[in-house]
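Q: In our numbering, the protein residues as written are 105 to 501.
Ideal Cβ positions, reconstructed from N, Cα and C, are used throughout, including at glycine.
All figures in this text were calculated on a predicted structure; none of them were measured in a lab.
Have a look at this one.
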């Protein structure tokens, strides 16, 4: 059993106590991907944690031992010996918290182990990935997911670079004019089934969810930094008290100095939701003669209706808000139509409804699965059925 480098790193982080919830989910998924017996807590009598620990440990030891017999030593060391600590680490991980996906319509619960996605079979749909399009100031278009690393273009004194990690950054070109008069605007947009990350010229980091966009100047001049977005975007804004950062999203406007926040502004959602994770933001209705202004603190969310009314919710579930950025679907009493809007964007599918599907669900699953796996989990409730027909998902009771 080969342990990939990124799994080894996560095991090490777990031992140091620095493993995030999303990283723990990756470890859980990896373990279940090779455990063909799919050991679950429900296989054992209640309270028999020691027996479960032994079973998981034995399963890992068997896998390692089987591979050791066929492996040659590397650099004078047995490949299997350094893997031994992984066994204990994974036992602790699998026992230390919930590693089971569950979905609940109302009060009905079903548990099922998570597994890694397999190659896409016929009739299934693969998950999204890093896909985006960059539109330069002159209207020329660059497909970012297929562009080579390096300089993609120059916009005044700023170089547009695709970094080795595949992300895009805007960096000042020291060889260019220091006081370029023209302001260049670029747009990065993701399709359905795509997501992307960009670092703006001031160092602000931006993550775009599927079917989203951001329009921004390649260099921020004047007294403010202003961008326009559609869809869902997460910001980690570099603090600059002399130059506030402003985001326009439909009728909603957000102003910050330096902070971390998420904006959900999809056209097919009833409200524009601004969720604050760190710092403070001011939310108001853009372009209104009498602005309704709300100041958010960490853990609050401002929801702006189509009419411009703002409601503030306290103590939001930030795990659910940030699930998309962390590679997860997280549902907390979420209605099925809202779930299917997320599915449609991430898998680039169209949704057709037959009959009343007004139930709510709670659960968690990685976004790396094929669409069939997400739908199978929902179907475990026996409250809803799905049929995948090409790029269309039919939902029925």
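1) Which residues in the same chain as residue 228 place their Cβ atom closer than 8 Å to its Cβ, once the five residues preceding and following it in sequence are excluded?
2) Do residue 354 and residue 369 have their C-beta atoms within less than 7 Å of each other?
3) Spell out the partners DSSP gives residue 439 in its beta bridges.
4) What ranges does the beta strand (DSSP E) occupy inside the segment 241-272, keeping only unbroken runs of at least 3 residues that lie completely in it?
5) Assuming the contact rule is C-beta atoms closer than 8 Å, residue 336 and residue 428 should be a hit. Round their C-beta distance to whole Å, please.
6) Taking only the alpha-carbon atoms, compute the straight-line gap between residue 252 and residue 325 and give it to the nearest angstrom.
7) With DSSP as the reference, identify every bridge partner of residue 401, one or two as the case may be.
8) Using only alpha-carbon positions, find the residue among 489, 456, 441 and 450 that is nearest to residue 374.
9) What do you reckon, are the CB atoms on residue 380 and residue 400 nearer than 7 Å?
10) Any idea which residues DSSP pairs residue 408 with across the strands?
11) Going by DSSP, name the residue or residues bridged to residue 496.
12) I need the boundaries of the beta strand (DSSP E) containing residue 237, first residue and last residue.
13) Among residues of its own chain, excluding the 5 on either side of residue 246, which ones have a beta-carbon nearer than 6 Å to its beta-carbon?
14) Which residues in the same chain as residue 308 place their Cβ atom closer than 6 Å to its Cβ, once the five residues preceding and following it in sequence are excluded?
15) Using CA coordinates, which residue listed in 443, 486 and 499 is at the minimum distance from residue 456?
16) Roughly how many angstroms separate the alpha carbons of residue 437 and residue 443, rounded to a whole number?
17) Going along the chain, which residues of its own chain have a beta-carbon closer than 8 Å to the beta-carbon of residue 405, five neighbours each way excluded?
18) By DSSP, does residue 422 sit in helix, in strand, or in coil?
19) In terms of residues, what are the limits of the alpha helix (DSSP H) holding residue 476?
20) What are the residues that DSSP puts in a beta bridge with residue 341?
21) Helix, strand or coil for residue 330, going by three-state DSSP, please let me know.
22) Under DSSP, the beta strand (DSSP E) around residue 388 begins and ends at which residues?
23) I'd like to know whether the C-beta atoms of residue 350 and residue 330 end up nearer to each other than 7 Å.
24) Skipping 5 residues on each side, what residues in its chain have a beta carbon closer than 7 Å to that of residue 319?
25) Cutting at 7 Å between CB atoms, please list the residues of its own chain near residue 276, excluding the five before and the five after it.
26) Find the nearest neighbour of residue 270 within the set 286, 362 and 250, judged by alpha-carbon distance.
27) Might you give, ordered along the chain, the residues of its own chain that have their beta carbon closer than 6 Å to the beta carbon of residue 398, omitting 5 neighbours on each side?
28) Excluding the five sequence neighbours on either side, which residues of its own chain have a C-beta within less than 6 Å of the C-beta of residue 501, listed in chain order?
29) Just the Cα atoms here: how many angstroms apart are residue 314 and residue 446?
30) CA-CA distance, residue 464 and residue 434?
31) Using 7 Å as the threshold, is the C-beta distance between residue 452 and residue 297 below it?
32) Where does residue 445 fall in DSSP's three states?
33) Let's see if you can read the secondary structure: which residues bound the beta strand (DSSP E) around residue 310?
34) Taking the C-alpha atoms as reference points, what is the distance between residue 490 and residue 312?
35) Do you know offhand how far residue 258's Cα is from residue 248's?
36) What does the Cβ neighbour count give for residue 207, buried or exposed, with the cut at 16 atoms within 10 Å?
A: Checking against the coordinates, here is how it stands:
1) For residue 228, where only same-chain residues beyond five positions count, the Cβ hits under 8 Å are 474, 475, 476 and 492.
2) Contact flag set, yes.
3) 464
4) 245-247, 254-259 and 262-266
5) 7 Å
6) 29 Å
7) Note: residue 401 sits in no beta bridge, so no partner.
8) 441
9) yes
10) 376 and 414
11) Beta-bridge partners assigned by DSSP to residue 496: 454 and 493.
12) Per DSSP, residue 237 is one residue of the beta strand (DSSP E) stretching across 237-239.
13) 238 and 256
14) 341 and 342
15) Residue 499 is the option with its Cα nearest to residue 456.
16) Their Cα atoms are separated by approximately 10 Å.
17) 377, 378, 379, 380, 416, 417, 420 and 425
18) helix
19) 475-483
20) DSSP output for residue 341 lists no bridge partner at all.
21) Three-state result, residue 330: strand.
22) 385-389
23) yes
24) Closer than 7 Å at the Cβ level, and outside the excluded window around residue 319, lie 289, 291, 331 and 332.
25) 261, 262 and 305
26) Nearest of 286, 362 and 250 to residue 270, Cα basis: 250.
27) Excluding positions up to five away in sequence, the list reads 387, 406, 414 and 416.
28) So the list reads 459, once near-sequence residues are dropped.
29) 9 Å
30) 13 Å
31) yes
32) helix
33) 309-312
34) 28 Å
35) 15 Å
36) A caution first: residue 207 carries a pLDDT of 43, below 50, which makes its placement in the model too unreliable to give a value.
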